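I have placed the structure first, in the form of structure tokens, so that the comments after it can refer back to it.
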Amino acid sequence: MSDTIIEYYNHLAKDYDRDRFANSYGQFIDYQERRVLSKWGVSPSGTVDLACGTGRLTDFAETGVDASEGMLAEARKRHPQKHFICAPGQATTLPDESVDTVISFHLMMHLEPSVIQEIADEMARILRSGGRFIFDIPSQRRRSLLGKKRENWHGSTGLDLEQVKQICGSKFTIRRRHGIMMLPIHQLPKSVRKPMRSLDYMLCGSLLKSYSSYVVYELIKNA
790 MSDTIIEYYN HLAKDYDRDR FANSYGQFID YQERRVLSKW GVSPSGTVDL ACGTGRLTDF
850 AETGVDASEG MLAEARKRHP QKHFICAPGQ ATTLPDESVD TVISFHLMMH LEPSVIQEIA
910 DEMARILRSG GRFIFDIPSQ RRRSLLGKKR ENWHGSTGLD LEQVKQICGS KFTIRRRHGI
970 MMLPIHQLPK SVRKPMRSLD YMLCGSLLKS YSSYVVYELI KNA
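Those letters in the sequence shown? Residues 790 to 1012, by my numbering.
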């Protein structure tokens, strides 16, 4: 991760949760991500939250890793009982084959594909055989459909299924995928958002999942 990205999140750390997840959009994203992680049986034991930020999803993990000291300071306040490491995703400092599951949300979207490949290689190093690497990435298929162009580093990277397969190489197999946010639920009247969440979740798990805003991948480390 570049110094520019690290400084950006150091600066935002104290207000990050309020600015990003206290609004209707952030609350919807958080709800759907938690729903996927729960359905896929992610539990803290043996799990690392990579790019854990302020610890929003670190209740699903026992260890958090982030390159931003500012974000980790907030995470430690939220989860004083957890273990945190300040390190980039390409060099976590964790021992070889020491982890069962890694989750990582809202990280890959900021990185060049070459850096994502480096992180995947690091995950292959620290995961045990059969271990899981779960991460989200904006859907390139949806972005292409909507004509969205790459701008700066912030949220600029999207991938499609074939590109993720290339990143997996021989080290990982894709077990399953699930979309996040097919419909703009956060823009609907508050009275109808809750019943529409289940419809959105169903669509994001259907054959249309590649047209979701984000796609969550579960990769399994090959023996």
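By construction, the Cβ of each residue, glycine as well, lies at the ideal position given by its N, Cα and C atoms. Bear in mind that the values here come from a model prediction, so they are computed numbers and not experimental data.
Name the residue from the options whose alpha carbon lies nearest to the alpha carbon of residue i.
i	options	result
residue 930	946, 917, 920	946
residue 894	973, 794, 823	823
residue 779	992, 956, 813	Nothing about residue 779 can be read from this structure; the chain reaches only from 790 to 1012.
residue 958	836, 919, 798, 909	909
I'd like to check one pair, residue j with residue i: are the Cβ atoms closer than 8 Å?
i	j	result
residue 964	residue 998	no
residue 917	residue 886	yes
residue 849	residue 891	no
residue 911	residue 864	no
residue 962	residue 1009	yes
residue 862	residue 802	yes
residue 990	residue 926	no
residue 873	residue 845	no
residue 858	residue 871	no
residue 960	residue 913	yes
Grouping DSSP H, G and I as helix and E and B as strand, with all else coil, what is residue i?
i	result
residue 890	strand
residue 957	helix
residue 838	strand
residue 928	strand
residue 800	helix
residue 750	The structure shown does not extend to residue 750, since the chain is modelled only from 790 to 1012, so the question has no answer here.
residue 916	strand
Can you tell me where the alpha helix (DSSP H) with residue i in it begins and where it stops?
i	result
residue 993	979–993
residue 1003	Not the alpha helix (DSSP H): residue 1003 falls in the beta strand (DSSP E), residues 1003–1010.
Hey, would you say the C-beta of residue i is under 7 Å away from at least one heavy atom of the ligand SAM?
i	result
residue 829	With respect to the ligand SAM, the structure offers nothing, as it holds no ligand at all.
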